[in-house]
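Q: Chains as they are written, first to last, in our numbering: chain A, 1 to 114; chain B, 1001 to 1114. We put the beta carbon where it would ideally sit given N, CA and C, even for glycine.
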DNA sequence: TTACTATATAAGCAAATTATTATTTATTTA
DNA sequence: TAAATAAATAATAATTTGCTTATATAGTAA
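1) Terminal residues of the continuous alpha helix (DSSP H) containing residue 54 (chain A)?
2) To the nearest angstrom, how far is it from the Cα of residue 75 (chain A) to the Cα of residue 30 (chain A)?
3) On the DSSP bridge assignment, give the partners of residue 66 (chain A) in chain order.
4) In angstroms, rounded to a whole number, what distance separates the CA positions of residue 1112 (chain B) and residue 1097 (chain B)?
5) Consider the Cβ of residue 1039 (chain B): report whether some Cβ of chain A lies at a distance smaller than 7 angstroms.
6) With distances taken Cα to Cα, identify the nearest neighbour of residue 7 (chain A) among B:1108, B:1089, B:1101.
7) Hey, would you say residue 53 (chain A) sits closer than 7 angstroms to residue 1005 (chain B), going by beta carbons?
8) Would the region 1068-1085 of chain B and the region 1030-1040 of chain B be scored as touching if the rule is three or more Cβ pairs under 8 angstroms?
9) Kindly list the residues whose CB is nearer than 7 angstroms to the CB of residue 1134 (chain B), restricted to its own chain and excluding five residues on each side of it in sequence; keep chain order.
10) Considering only DSSP beta bridges, list what residue 1035 (chain B) is partnered with.
11) If residue 23 (chain A) and residue 1014 (chain B) are in contact, beta carbons under 8 angstroms, what's the gap, nearest whole angstrom?
12) For chain B, find out if any of its Cβ atoms is closer than 7 angstroms to the Cβ of residue 53 (chain A); answer yes or no.
Right, here's the structure in full:
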């Protein structure tokens, strides 16, 4: 059985996913946790812009954050009651492997090769 | 296999469904085609407001319209490539039977009982 | 034709959204 | 400690959205 989400909460999730940047972020986080500086490699926008999108997603309970040293890693919140809805939506959009490759190629969290 | 929708088109659909009124409309149309005056019974807003929401849904290819005499009936566009995504989303929201009852009780397209 | 009903469209406005730049906070490292 | 990096927050401007009121269009029926 599918999880049922209150209409108001569903609308909130859908509105948040109804933005290309955020939908892409969620598509990336489905595959891989990321910090802000990694996401920055993928989008043509500023750091505060990414942070603000992540904050909205976090406020809605859609993503988790975890600081590890200098970086704060974001990941999908699997515990959320919204999780089933989000995953069902993600099954309808193209995978974001291209973006993942961009992140791993630039590898912003590693400055030297050692 | 799930139908895949271009990220941009998916974002458009999600943004449109990210509004309580439109999400409810789509939930109702899943069960039953409706004309504007029927939908008006359910929402606390004006006729132009409902018409404007329907127009956006139509422009995005999510609903069909069909004039029958005085009334224009709206229904989900099952032909759309967006159909699979929309149906998967609707499985996560409460059914709108309460609203359907309101429509059928007030029965605005029938003025007399004959 | 005239009157009435259903719906669409237009114009205007207030609220919400998203990006930008500047600044602050937290952490690491020299 | 001071400098550098990562990220958050604040303030603001531009754009978008969703409502309202007023009006136009289309069909029905007297």
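A: Based on what the coordinates show:
1) Residue numbering aside, residue 54 (chain A) sits at position 54 when the first chain is read from its first letter. Note, residue 54 (chain A): alpha helix (DSSP H), 47-59.
2) Mapped onto the first chain, residue 75 (chain A) falls at position 75. Mapped onto the first chain, residue 30 (chain A) falls at position 30. Their Cα atoms are separated by approximately 8 angstroms.
3) Taking the first chain and counting its residues from 1, the one referred to as residue 66 (chain A) is at position 66. Looking at the DSSP output, residue 66 (chain A) shares a beta bridge with A:73.
4) Working through the second chain from its first residue, we reach residue 1112 (chain B) at position 112. Working through the second chain from its first residue, we reach residue 1097 (chain B) at position 97. Since pLDDT at residue 1112 (chain B) reaches only 44, below the 50 mark, its modelled position is unreliable, and the value read off the structure follows with that caveat. Residue 1112 (chain B) and residue 1097 (chain B): Cα-Cα distance of roughly 24 angstroms.
5) Walking along the second chain from the start, residue 1039 (chain B) turns up at place 39. Not flagged as an interface residue toward chain A: residue 1039 (chain B), since no C-beta distance is shorter than 7 angstroms.
6) Within the first chain, numbered from 1, the residue matching residue 7 (chain A) stands at position 7. Nearest option by C-alpha distance: B:1089.
7) Taking the first chain and counting its residues from 1, the one referred to as residue 53 (chain A) is at position 53. Taking the second chain and counting its residues from 1, the one referred to as residue 1005 (chain B) is at position 5. Contact flag unset, no.
8) Touching, per the Cβ criterion.
9) For residue 1134 (chain B) there is no data in the structure shown, the boundaries of chain B being 1001 and 1114.
10) Sequence index remark: in the second chain, residue 1035 (chain B) carries index 35 (1-based). DSSP, once it has assigned bridges, lists B:1073 as partnering residue 1035 (chain B).
11) Start at 1 with the first residue of the first chain, and residue 23 (chain A) comes out as number 23. Start at 1 with the first residue of the second chain, and residue 1014 (chain B) comes out as number 14. Right, their Cβ atoms sit about 7 angstroms apart.
12) Here residue 53 (chain A) refers to the residue found at position 53 when the first chain is read from its first residue. Under the Cβ distance rule, residue 53 (chain A) does not count among the residues neighbouring chain B, no pair being separated by less than 7 angstroms.
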